[in-house]
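Structure record follows, encoded as structure tokens.
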Amino acid sequence: MDLRLDGITHRYDGLLVLDGIDLLIRDGETVAIIGPSGCGKSTLLGIVGGLLRPSAGTVRTIGKPRADSLNPFTYVFQDFALLPWRSVAANVALALEHHPLPRAERQARIKAALGLTGLGDFADALPRQLSGGMRQRVGLARALVVRPAVLLLDEPLSALDAQTRELLMEDLLAIWARERSTRLYVTHNLDEAARLADRVVVLSRRPGRIREIVSIDVPVAERLSASALPVIAAVRDRLWALIRDEARVAEREVQHA
Numbered sequence: 022m023d024l025r026l027d028g029i030t031h032r033y034d035g036l037l038v039l040d041g042i043d044l045l046i047r048d049g050e051t052v053a054i055i056g057p058s059g060c061g062k063s064t065l066l067g068i069v070g071g072l073l074r075p076s077a078g079t080v081r082t083i084g085k086p087r088a089d090s091l092n093p094f095t096y097v098f099q100d101f102a103l104l105p106w107r108s109v110a111a112n113v114a115l116a117l118e119h120h121p122l123p124r125a126e127r128q129a130r131i132k133a134a135l136g137l138t139g140l141g142d143f144a145d146a147l148p149r150q151l152s153g154g155m156r157q158r159v160g161l162a163r164a165l166v167v168r169p170a171v172l173l174l175d176e177p178l179s180a181l182d183a184q185t186r187e188l189l190m191e192d193l194l195a196i197w198a199r200e201r202s203t204r205l206y207v208t209h210n211l212d213e214a215a216r217l218a219d220r221v222v223v224l225s226r227r228p229g230r231i232r233e234i235v236s237i238d239v240p241v242a243e244r245l246s247a248s249a250l251p252v253i254a255a256v257r258d259r260l261w262a263l264i265r266d267e268a269r270v271a272e273r274e275v276q277h278a
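When the letters of the sequence shown are read in order and numbered with my numbering, they come out as residues 22 to 278.
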């Protein structure tokens with residue numbers, strides 16, 4: 022299912038945050054959104070997910086979700102938001118509780134989501150028994166269990182240490198290769214954007230406008246190969262060159278706000 026944004030503009034109490042965002046995200050594509058602090062990245066994601074109504078513009082889907090998709094849109098947040106008294110499997114099952122599914126299908130979906138995220142051996146564990154990376158895998162499995170048409174990720178790795186972030190990026194690439202959804206990924210981390218996305222949308226500082234769209238011409242299945250490293254590094258350097266000056270200005274604006 023394609024996702025189309027036409028003229029997305031948003032104001033908070035008269036402050037123009039986003040201005041005229043036009044973007045087509047194709048079925049099965051991962052698009053990352055980056056930009057200086059305060060450029061409206063998370064606001065844009067909230068508008069796409071229906072949490073905010075834009076001041077102007079429209080968000081449209083083109084085509085139909087696949088037959089087994091229970092939710093057209095599903096979020097993965099930085100905060101794991103797990104219920105501490107529920108096991109891993111029960112936390113994942115939470116996303117299915119308002120869907121009238123046969124027990125066998127419910128259990129099959131939970132098992133598949135746990136397997137996809139490397140949690141098959143941890144179904145009965147409690148969140149407090151898991152590392153931060155494993156808890157974020159639970160949050161991801163909970164999103165994937167409904168097989169969303171559009172997966173919205175709001176800085177899902179930003180609370181993790183560097184080593185865990187690297188491991189999760191590898192896991193996400195494996196999931197992208199196996200799981201069909203349309204993905205919009207907001208991050209401030211340029212390495213994540215260059216490693217995980219098919220295209221990176223670079224926003225200007227506030228009001229956020231599309232400054233450039235950078236394509237990563239390496240198949241997902243090859244992103245971890247040695248031959249891909251120079252390409253990914255070059256993309257990362259290009260992204261930093263695009264936002265560096267505005268990031269400095271935005272940092273001063275945030276500090277003195």
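All C-beta atoms, glycine included, are put in the ideal place defined by N, C-alpha and C.
Status (buried if at least 16 other CB within 10 Å, exposed otherwise) for residue i
i	result
residue 122	exposed
residue 56	buried
residue 225	buried
residue 138	buried
residue 179	exposed
residue 141	exposed
residue 131	buried
residue 173	buried
residue 83	exposed
Beta strand (DSSP E) segment containing residue i, residue limits
i	result
residue 78	77-83
residue 241	Neither: residue 241 is in no beta strand (DSSP E) and is coded neither H nor E.
residue 124	Element bounds for residue 124: not the beta strand (DSSP E) but the alpha helix (DSSP H), 124-137.
Terminal residues of the alpha helix (DSSP H) in which residue i lies
i	result
residue 233	Per DSSP, residue 233 belongs to no alpha helix (DSSP H); it is in the beta strand (DSSP E), 231-236.
residue 165	153-165
Any C-beta of chain D under 8 Å from that of residue i
i	result
residue 173	In the structure shown, chain D does not exist; there is a single protein chain.
Cβ pair residue i, residue j closer than 8 Å
i	j	result
residue 127	residue 116	no
residue 271	residue 59	yes
residue 92	residue 163	no
residue 230	residue 253	no
residue 218	residue 53	yes
Which listed residue (the options) has its alpha carbon closest to that of residue i
i	options	result
residue 265	177, 210, 136, 145	210
residue 171	150, 142, 202, 149	202
- prompt: Does the region 81-92 touch the region 248-257, meaning 3 or more C-beta pairs lie closer than 8 Å?
  reply: Contact between the region 248-257 and the region 81-92 is absent, because fewer than three Cβ pairs lie under 8 Å.
Three CB pairs or more closer than 8 Å across the region 183-203 and the region 36-50: Three or more Cβ pairs drawn from the region 183-203 and the region 36-50 lie within less than 8 Å of each other, which places the two stretches in contact.
Stretch pair the region 175-192 + the region 36-43: three plus CB contacts closer than 8 Å: no
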